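Input: a single structure, listed below in structure tokens.
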Amino acid sequence: MLAAATVNGLLFALAVLAVAPLAWMLAVSFMQPGEASHFPPPWWPSSPTLHNYRELFLRAGMGRYLVNSALIATGVTLVSVLLNTLAGYAFAKLKFRGREQTFRALLGALVIPGQVAMMPLFLLLKQMGLVNTYAGAMVPGLAGIFGIFLVRQYARSLPDELLEAARIDGAGELRIFFQVVLPALRPILVTLAIFAFLGAWNDFMWPLIVLGDQDLQTLPVALASLSREHVQDNELMMAGSVVTILPVLLLFLVLQRYYMQGLLVGSVKG
Amino acid sequence: MKPSLAGWAFAAPALTVIALFFVLPVIAALGLSVTDFDIYALADQRNLRFVGLDNYIKLLGNPLFWKALGNTLYFVVAGVPLSIFVSLAAALLLHSKLARFKPVFRTALFAPVVTTVVAVAVIWRYLFHTRYGAANWGLSLVGIDPVDWFGDPRWAMPSIILFAVWKNFGYNMIIFLAGLQAIPEDLYEAARIDGASWWRQLVHVTLPMLGPVLLLVGILTMAGYFQLFAEPYVMTQGGPLQSTVSVLYLMYEEGFKWWNLGNASAVAFLLFLLMTATTSGLLWFARRRGAE
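Going down the list, the protein sequences come from chains A and B.
All residue numbers for the first sequence refer to our numbering, where the first residue is 1 and numbers rise by one.
All residue numbers for the second sequence refer to our numbering, where the first residue is 1 and numbers rise by one.
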């Protein structure tokens, strides 16, 4: 009895600590300007207002940044899911020369932090004329070792007989991929898509570097520079945080089963 | 198309992207780090000169580099164990047979992980506000004077560590949960028959069985914590008194604020070397422990 109360009490306390900052962000985002700057901090808006959101979208150009983030994250997701799935399936099921060595080299490269590549990548994209473009922001995410690994783990369980049967029926490899493999891989595709979308949406350092042009900035970059200009406008900044966090949080809540599954395939079975 | 040809054709697009936009730049970074690539070379590459190990030597003589390294190590050494401790505690609670509403709690505890660092950093900066913040309000309830969390060099880093643990613990919690579920129930039964308390079961059954998962979580968390950047960028801009300048923050400023790309590449490589050494050390330690 006591043990159960302790376990559930502690869990409840931890959950409150985890969620309270987010709930409070939402509350403050509906407060009048200046209302949050009181001691003790108010928990609830006295007369809720959409003023901060109007201010963000009409004056601070938040709509633009929202579109930028959505375009970049969607683009990264579509391309990377396709490329990683093609490669992951090839590494799992298609025999080709040098397959094992290539895959091992890929896994070895996983230990290199992405920041090492940033300076030359910036120069390369500058040469290609891709600095200050959506494409430039998307480039590092268009294919990923982790994604290939994830698909490979999952695709290995596809029965060879299924693929052989399709080959005997005279189907080409591309057709087999799109008509047999992709449908069978659907759960992992969803997982892959969530990872790619969340990763691209939440990324900060690369968009900060490659998108100097203010009109092209993503939400996190715009929010960071807004918060430097508007250190005092807490209510406005909280509304900005809501706009930045809400889309990914909702996506996670709706698809969390797939997300958790991918997290486990990617780490524990590694 | 023959399957062997198809294999290469299917893998090629992804491999090309990785080779062109990751492997090639990493190799180029090694080259860049032995040049004096700066804003003049950016304008005209004829201004580029080979300087050998000069960048590295200059860095090792630069107090700010050591400061950044110290801050980053502080973040890793204090943050990683704290983060693992909270993750493990949360996982043990969630795994307990006594826990109710498990899916709800699991989702709530995981929520911070999927949020955007910059956006939640904005929230935490306010929670730690000297005059209006909830942190100081909590302290005032127990009669402790307000702390200038981000303005006091002694407190800026601990504040960032608290924030990072809050943001990340849910990730490891899920991995620990999976590890806990894989421990066979009869081990606990045997321990209970021997009269082992909850604590002895934890020390003699759970933790040893969780060993490999702990190692994996340790390595992943460490790698992540070495890459501290967005938090100081948004919350403190490296201050006060450079107490929150991390290695990557230094790299960013060197590279993309002052456009010393050669120097910045050297910083990146030194961080990479440090990460590799630490990970290898951890693996070596684990293997030795496992062998004995």
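Glycine included, C-beta positions come from ideal geometry on N, C-alpha and C.
Note that the structure is a prediction, hence the values are computed from the model and not measured.
What is the DSSP secondary structure of F30/A, counted as helix, strand or coil?
Translated into positions along the first sequence, residue 30/A becomes position 30. The answer is coil: DSSP assigns F30/A none of H, G, I, E or B.
Whether Y65/A touches Q179/A by CB criterion (7 Å)
Against the first sequence, residue 65/A aligns to sequence position 65. Against the first sequence, residue 179/A aligns to sequence position 179. It is not a contact, given that the beta carbons lie outside the stated cut-off.
Select from L142/A, K95/A and H38/A the residue whose C-alpha is nearest the C-alpha of A73/A.
For the purposes of this step, residue 73/A is identified with residue 73 of the first sequence, where counting begins at 1. Ranking the options by Cα distance to A73/A, first place goes to L142/A.
Return the first residue and the last residue of the alpha helix (DSSP H) that Q242/B is part of.
Taking the second sequence and counting its residues from 1, the one referred to as residue 242/B is at position 242. Taken as a continuous stretch (DSSP letters only), Q242/B belongs to no alpha helix (DSSP H), as it is neither H nor E.
At the 7 Å Cβ level, is F252/A part of the contact set with chain B, yes or no?
By 1-based counting over the first sequence, the position of residue 252/A is 252. Chain B contact via Cβ: present.
Could you spell out the range, first to last residue, of the alpha helix (DSSP H) harbouring E173/A?
For this step, residue 173/A is matched to residue 173 along the first sequence. Looking at the DSSP string, the run of the alpha helix (DSSP H) that includes E173/A is E173 to I176.
Three CB pairs or more closer than 8 Å across the region 235-246 of chain B and the region 75-83 of chain A
no
Could you say which of A90/A, E55/A and L94/A lies nearest to D233/A if we only look at CA atoms?
In the first sequence, residue 233/A corresponds to position 233, counting from 1. Answer by Cα proximity: E55/A.
Should G129/A go down as buried or exposed, given a rule of 16 or more other Cβ atoms within 10 Å for buried?
Along the first sequence, read from residue 1 onward, the residue named residue 129/A stands at position 129. The residue in question, G129/A, is exposed, as its Cβ has fewer than 16 Cβ neighbours within 10 Å.
If you measure from the beta carbon of S241/A to each beta carbon in chain B, is any gap under 7 Å?
Against the first sequence, residue 241/A aligns to sequence position 241. For S241/A, the answer is yes, since a Cβ of chain B falls inside 7 Å of its Cβ.
For T236/B, does the three-state DSSP call read helix, strand or coil?
As a working mapping, residue 236/B is identified with position 236 in the second sequence. Coil at T236/B, not helix or strand.
Please report the distance separating the alpha-carbon of R99/A from that of A90/A.
Counting from one through the first sequence, the residue named residue 99/A turns up at place 99. Counting from one through the first sequence, the residue named residue 90/A turns up at place 90. C-alpha separation (whole angstroms): 9 Å.
Residue-chain proximity (R49/B, chain A), Cβ-Cβ < 7 Å:
As a working note, residue 49/B is residue 49 in the second sequence. False, the Cβ-Cβ gap to chain A never drops below 7 Å.
Do the region 156-169 of chain A and the region 56-68 of chain B touch if we need at least three Cβ pairs shorter than 8 Å?
no
Quick check on the burial criterion: 16 or more other C-beta atoms within 10 angstroms. Buried or exposed for I144/B?
By one-based count along the second sequence, residue 144/B stands at place 144. By the neighbour-count rule (16 or more Cβ atoms within 10 Å), I144/B is not buried but exposed.
Does chain B have any CB closer than 7 Å to the CB of P247/A?
On the first sequence, residue 247/A is found 247 positions in, with the first residue counted as 1. It does not; no Cβ of chain B falls within 7 Å.
Just checking my contact of P40/A with A27/A at CB under 8 Å: how many whole Å lie between their CB atoms?
The residue labelled residue 40/A in the question sits at position 40 within the first sequence. The residue labelled residue 27/A in the question sits at position 27 within the first sequence. About 14 Å separates the two Cβ atoms, so there is no contact after all.
Would you kindly work out how many angstroms separate the C-alpha atoms of H230/A and P33/A, rounded to a whole number?
For the purposes of this step, residue 230/A is identified with residue 230 of the first sequence, where counting begins at 1. For the purposes of this step, residue 33/A is identified with residue 33 of the first sequence, where counting begins at 1. Cα to Cα, the separation comes out at about 12 Å.
Alpha helix (DSSP H) segments (min. 4 residues) lying fully within the region 31-106 of chain A:
51-58 and 62-93
What span of residues does the alpha helix (DSSP H) with S33/B cover, start to end?
The residue labelled residue 33/B in the question sits at position 33 within the second sequence. Unbroken run through S33/B: none, as it is neither H nor E.
F229/B and M205/A closer than 7 Å at C-beta:
As a first step, residue 229/B must be located in the second sequence, where it is residue number 229. As a first step, residue 205/A must be located in the first sequence, where it is residue number 205. Cβ atoms of F229/B and M205/A: closer than 7 Å.
Check whether chain B comes within 7 Å of L1/A, counting only Cβ atoms and requiring the distance to be less than that.
Within the first sequence, residue 1/A is the residue found at index 1, counting from 1. First, the residue type needs correcting, since residue 1/A is Met and not Leu in the sequence shown. M1/A does not count as touching chain B.
Against chain B, does L86/A count as a neighbour if the rule is that its beta carbon must be under 7 Å from one of theirs?
Counting from one through the first sequence, the residue named residue 86/A turns up at place 86. At least one chain B Cβ lies under 7 Å of L86/A.
One question on the structure: do Q256/A and T191/A come within less than 7 Å of each other, judged by their Cβ atoms?
Your numbering for residue 256/A matches position 256 in the first sequence. Your numbering for residue 191/A matches position 191 in the first sequence. No, they are not a contact pair.
I112/A CB to nearest chain B CB: under 7 Å?
Position 112 of the first sequence, counted from the first residue, corresponds to residue 112/A. Yes, I112/A lies at the interface with chain B (some Cβ there is under 7 Å from its Cβ).
Taking C-beta pairs closer than 7 Å, name the residues in chain B that A224/A reaches, listed in chain order.
Against the first sequence, residue 224/A aligns to sequence position 224. Going along chain B in sequence order, the residues near A224/A (Cβ under 7 Å) are V118, Y233 and V234.
Could you tell me which of R288/B, M275/B, F272/B and S265/B sits nearest to A29/B, measuring between CA atoms?
If you number the second sequence from 1, residue 29/B lands on position 29. That would be S265/B, whose Cα lies nearest to the Cα of A29/B.
Unbroken alpha helix (DSSP H) run spanning L177/B, endpoints
To locate residue 177/B, count along the second sequence from 1; it is residue 177. Residues P153 to Q181.
Secondary structure of F50/B, DSSP reduced to three states:
Within the second sequence, numbered from 1, the residue matching residue 50/B stands at position 50. Here F50/B sits in strand by DSSP.
Tell me where the alpha helix (DSSP H) around F101/B begins and ends.
Here residue 101/B refers to the residue found at position 101 when the second sequence is read from its first residue. From DSSP, F101/B is part of no alpha helix (DSSP H); its letter is neither H nor E.
Is the Cβ-Cβ distance between L42/B and W259/B less than 7 Å?
As a first step, residue 42/B is located in the second sequence; it is residue number 42 there, counting from the start. As a first step, residue 259/B is located in the second sequence; it is residue number 259 there, counting from the start. In contact: L42/B and W259/B (Cβ atoms closer than 7 Å).
At 9 Å on the CB atoms, spell out the chain B contacts of L52/A, in chain order.
Translated into the one-based positions of the first sequence, residue 52/A becomes position 52. It is Asn, not Leu, that sits at residue 52/A in the sequence shown. Result: empty, since nearest Cβ-Cβ is about 13 Å, beyond 9 Å.
Work out the CA separation of I188/A and V245/B for me, nearest whole Å.
Within the second sequence, the letter at position 245 stands for residue 245/B. Within the first sequence, the letter at position 188 stands for residue 188/A. Taking the straight line from one Cα to the other gives about 39 Å.
Using the C-alpha atoms, what's the distance from R152/A back to A20/A?
Walking along the first sequence from the start, residue 20/A turns up at place 20. Walking along the first sequence from the start, residue 152/A turns up at place 152. Roughly 39 Å between the two C-alpha positions.
Against chain B, with Cβ distances strictly below 7 Å, would L58/A count as a contact?
Sequence index remark: in the first sequence, residue 58/A carries index 58 (1-based). So no, L58/A is outside the interface.
Could you check what DSSP says for G133/B in three-state terms: helix, strand or coil?
Here the question's residue 133/B lines up with position 133 in the second sequence. Coil, per DSSP.
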